[in-house]
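Q: Let me give you the structure first, and then I'll get to my questions.
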Amino acid sequence: MQTATLFDLPAIQTVPDAPAAAAPAKSKRKKRTVHVSVPLTPSTTVPDEMIRDADWVVISSSGGKDSQAMLSYVVQRARALGMLDKVVVVHADLGRVEWAGTRELAERQARLAGVRRFEVVQASGADLLERVEIRYGKLKAKAQQEALERGEDPATAKVPPAWPSSSARWCTPDAKRGPIRTLYTRLVAELSHLGRPVRILECIGQRAAESTARAQLAEVEINRGASNGKRIVTTWRPIHAWSDRKVWREIARSRLPYHPAYDWGNRRLSCVFCVLGCNSDLVNGARRVPELAAEYARTEVVVGADFKKGLSMREIIRRAEALEAAEGPAARPPAGTAMAEHIGRARTSRYRARQAALYGLAA
Ligand code: SF4
């Protein structure tokens with residue numbers, strides 16, 4: 110693939126934070142400058158060449174199934190190239206809002222895969238629920254100010270929802286992307302002796318099959334927002350084209366343990382109550398972590414808006430309680446249930462048996 114060289118580029122390029130459709134003249138958003146050394150396109154999209162070319166290969170792991178399939182796939186390639194030493198696994202710890210044991214599982218997966226360096230990053234200050242309240246305070250102040258300017262009673266000002274949503278997904282940059290960039294800064298400092306921008310290959314487990322928005326993402330691209338004069342960050346989505354079945358097959362091949370929440374019926378991991386999660390995942394979460402659901406419901410009252418458009422946490426809790434009343438406590442299907450649905454019982458039994466032999470996990 111042809112790439113612009115460093116010398117083809119203009120002195121400073123400016124990229125707007127807002128989408129191209131927004132009118133730049135009226136936009137109040139800050140403009141971000143991108144350093145001259147940041148290329149427009151990657152010099153290669155060939156996986157082994159990208160790994161060879163990188164100073165660091167940073168695998169972003171939520172501990173979920175896509176992350177772990179990507180982890181084992183990338184590690185396998187790096188090992189074959191004799192370059193496992195440059196691989197770092199990073200987990201963005203979301204604190205109380207994520208499934209219990211996720212951070213520990215992400216670390217275990219990395220260690221078992223043979224990665225020596227595992228890093229945990231965390232947003233400083235407030236967690237997601239606290240940020241919702243902080244955001245609400247800011248949105249309310251803004252709405253009241255605007256009402257005053259229009260000569261209206263500020264008490265009647267309509268405050269937009271403070272919760273993240275698919276169209277205002279501020280939770281990901283706040284909780285994951287920003288903290289992970291602090292790791293990039295440290296990794297760059299470790300290689301300052303190179304005397305050139307450090308090349309970071311960031312590996313992300315996003316798949317086209319997850320959503321229309323993710324289907325639009327490139328498999329390989331320069332992350333211009335994360336790049337600067339000291340580092341060139343290339344984003345690689347190694348499993349972008351993979352199906353669910355292929356993900357589960359890779360997990361079976363890798364023999365790495367996966368989170369039991371999948372066996373309990375969840376489709377996604379990370380936050381127990383993800384704004385993008387399907388309703389059954391949310392109800393499942395409310396059955397298994399009711400105290401966290403209650404905290405979300407309390408936050409709904411504080412910010413005067415439902416957790417999800419058209420679906421409040423109160424309603425999610427009501428549905429969870431109705432199921433508990435009808436069925437009793439949520440069942441814990443045996444380990445391997447989720448995998449067996451995708452790749453069959455025979456393969457799953459072999460995976461479980463190998464896990465038992467290798468790691469002493471119950472088969
Ligand atoms: S898991 Fe969902 S709610 Fe949590 S940070 Fe990611 S997108 Fe936001």
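To convert, take the position in the sequence shown, counting from 1, and add 109; that gives our numbering.
We put the CB at the ideal spot given by N, CA and C, even for glycine.
Pairs of beta-carbons, one from the segment 334-347 and one from the segment 304-321, closer than 8 angstroms: are there three or more?
A: Yes: the two stretches touch, three or more of their Cβ pairs being nearer than 8 angstroms.
Q: Decide if the segment 243-254 is in contact with the segment 220-232; the criterion is three or more beta carbon pairs, one per stretch, under 8 angstroms apart.
A: As far as the Cβ criterion goes, the segment 243-254 does not touch the segment 220-232, which means the pair count is below three.
Q: From which residue to which residue does the alpha helix (DSSP H) around Ala-465 run?
A: As a working mapping, residue 465 is identified with position 356 in the sequence shown. 454-468 is the extent of the alpha helix (DSSP H) around Ala-465.
Q: Can you find the residues in the same chain that come closer than 8 angstroms, C-beta to C-beta, to Ile-243, ignoring five residues on each side of it along the sequence?
A: Along the sequence shown, one-based indexing puts residue 243 at 134. Closer than 8 angstroms at Cβ, skipping near neighbours: Ala-235.
Q: Enumerate in chain order the residues of its own chain whose CB-to-CB distance from Val-241 is below 7 angstroms, with the five nearest sequence positions on each side excluded.
A: Taking the first residue of the sequence shown as 1, we reach residue 241 at position 132. The answer, listed in chain order, is Ala-271, Trp-272, Thr-408 and Val-412.
Q: Could you give the distance in angstroms between the alpha-carbon of Gly-223 and the alpha-carbon of Ile-341?
A: Here residue 223 is taken as the residue at index 114 of the sequence shown, counted from 1. Here residue 341 is taken as the residue at index 232 of the sequence shown, counted from 1. Rounded to whole angstroms, Gly-223 to Ile-341 spans 26 angstroms at the Cα level.
Q: Sort out for me which residues DSSP pairs Ala-201 with in a bridge.
A: Along the sequence shown, read from residue 1 onward, the residue named residue 201 stands at position 92. Looking at the DSSP assignment, Ala-201 forms a beta bridge with Val-230.
Q: Secondary structure at Cys-280, three-state DSSP: helix, strand or coil?
A: What you label residue 280 is simply residue 171 of the sequence shown in a count that begins at 1. Residue state, collapsed to three classes: helix.
Q: Between the segment 381-392 and the segment 415-432, are three or more C-beta pairs nearer than 8 angstroms?
A: These segments touch.
Q: Please determine if the segment 159-166 and the segment 352-365 are in contact, where contact requires at least 3 C-beta pairs separated by less than 8 angstroms.
A: Contact fails: fewer than three Cβ-Cβ distances are below 8 angstroms.
Q: Could you tell me whether any non-hydrogen atom of ligand 1 is closer than 7 angstroms to the CB of Arg-240?
A: Within the sequence shown, numbered from 1, the residue matching residue 240 stands at position 131. No; taking the cut-off as 7 angstroms, the Cβ of Arg-240 has no heavy atom of ligand 1 nearer than that.
Q: Considering only DSSP beta bridges, list what Ile-331 is partnered with.
A: Stepping through the sequence shown from its first residue, residue 331 is reached at position 222. In DSSP, Ile-331 forms a bridge with Thr-343.
Q: Where does Thr-142 fall in DSSP's three states?
A: Residue 142 sits at position 33 when you count from the first residue of the sequence shown. Note: Thr-142 maps to strand in three-state DSSP.
Q: Taking its Cβ as the centre, do 16 or more other Cβ atoms sit within 10 Å of Gly-394, making it buried, or is it exposed?
A: In the sequence shown, residue 394 corresponds to position 285, counting from 1. Counting Cβ neighbours within 10 Å, Gly-394 comes out buried, since at least 16 surround it.
Q: Hey, is the segment 447-462 in contact with the segment 198-209, meaning 3+ C-beta pairs nearer than 8 angstroms?
A: They do not touch, by the three-pair rule.
Q: Can you list, in chain order, the residues of its chain with a C-beta nearer than 7 angstroms to that of Ala-284? Leave out the 5 residues immediately preceding and following it.
A: What you label residue 284 is simply residue 175 of the sequence shown in a count that begins at 1. Answer for Ala-284: Ala-201, Leu-203, Ala-232 and Leu-237, listed in chain order.
Q: Can you find a heavy atom of ligand 1 that lies under 7 angstroms from the Cβ of Val-398?
A: Numbered from its first residue, the sequence shown carries residue 398 at position 289. Answer for Val-398: no, Cβ out of range of ligand 1.
Q: Is the number of C-beta pairs between the segment 165-176 and the segment 364-372 that are closer than 8 angstroms three or more?
A: These segments touch.
Q: Judging by CA-CA distance, which residue of Pro-156, Arg-212 and Ser-169 is the nearest neighbour of Gln-185?
A: Taking the first residue of the sequence shown as position 1, residue 185 is located at position 76. Checked all of Pro-156, Arg-212 and Ser-169; the closest Cα to Gln-185 is Pro-156.
Q: Is the beta carbon of Arg-244 within less than 7 angstroms of some heavy atom of ligand 1?
A: Here residue 244 is taken as the residue at index 135 of the sequence shown, counted from 1. No, Cβ of Arg-244 sits at least 7 angstroms from all heavy atoms of ligand 1.
Q: Taking DSSP as the reference, what is the three-state secondary structure of Lys-174?
A: The count along the sequence shown starts at 1 and reaches residue 174 at position 65. DSSP places Lys-174 in helix when its eight states are reduced to three.
Q: In three-state DSSP terms, what is Ile-313?
A: Stepping through the sequence shown from its first residue, residue 313 is reached at position 204. Here Ile-313 sits in coil by DSSP.
Q: Which one of Asp-415, Ala-429 and Ser-169 has the shortest CA to CA distance from Gly-287?
A: As a working note, residue 287 is residue 178 in the sequence shown. Here the closest residue by C-alpha is Ser-169.
Q: DSSP has Val-196 in a bridge; who is on the other side?
A: Within the sequence shown, numbered from 1, the residue matching residue 196 stands at position 87. Note: Val-196 sits in a beta bridge opposite Val-166.
Q: Assign Thr-344 to buried or exposed, taking buried as 16 or more other Cβ atoms, counted over all protein chains shown, within 10 Å of its Cβ.
A: Counting from one through the sequence shown, the residue named residue 344 turns up at place 235. Per the 10 Å Cβ criterion, buried.
Q: Identify, in the order they occur along the chain, each residue of the same chain with its Cβ nearer than 6 angstroms to the Cβ of Glu-216, setting aside the five sequence neighbours on each side.
A: Counting from one through the sequence shown, the residue named residue 216 turns up at place 107. Cβ within range, chain order: Phe-227.
Q: On the DSSP bridge assignment, give the partners of Arg-551 in chain order.
A: Examination of residue 551 is not possible in this model, given that the chain is present from 110 through 472 alone.
Q: Can you give me the C-alpha to C-alpha distance between Thr-281 and Ser-275, rounded to a whole angstrom?
A: Within the sequence shown, residue 281 is the residue found at index 172, counting from 1. Within the sequence shown, residue 275 is the residue found at index 166, counting from 1. In a straight line, the C-alpha of Thr-281 is about 11 angstroms away from that of Ser-275.
Q: Please report the distance separating the alpha-carbon of Thr-153 from that of Lys-267.
A: Along the sequence shown, read from residue 1 onward, the residue named residue 153 stands at position 44. Along the sequence shown, read from residue 1 onward, the residue named residue 267 stands at position 158. Cα-Cα distance, rounded: 49 angstroms.
Q: What residues match up with Glu-207 in a beta bridge as DSSP calls it?
A: Indexing the sequence shown from 1 puts residue 207 at position 98. Paired residues: Cys-380.
Q: Exposed or buried, Tyr-245, counting other C-beta atoms within 10 Å across all chains shown (16 or more means buried)?
A: Residue 245 sits at position 136 when you count from the first residue of the sequence shown. That one is buried.
Q: Taking 7 angstroms as the cut-off, does the CB of Leu-149 come closer than this to any heavy atom belonging to ligand 1?
A: What you label residue 149 is simply residue 40 of the sequence shown in a count that begins at 1. The answer is no for Leu-149.
Q: Please classify Val-392: is it buried, with 16 or more other beta-carbons within 10 angstroms of its beta-carbon, or exposed?
A: The residue given as residue 392 occupies position 283 in the sequence shown. It is buried - the Cβ of Val-392 has at least 16 other Cβ atoms within 10 Å.
Q: Could you check the C-alpha separation between Thr-294 and Leu-300 for me, to the nearest Å?
A: Taking the sequence shown and counting its residues from 1, one reaches residue 294 at position 185. Taking the sequence shown and counting its residues from 1, one reaches residue 300 at position 191. Spanning the two alpha carbons is a distance of roughly 10 angstroms.
Q: Hey, is Thr-281 close to ligand 1, as in C-beta under 7 angstroms from one of its heavy atoms?
A: On the sequence shown, position 172 is the one that residue 281 refers to. Checking every heavy atom of ligand 1 against the Cβ of Thr-281, one is found closer than 7 angstroms.
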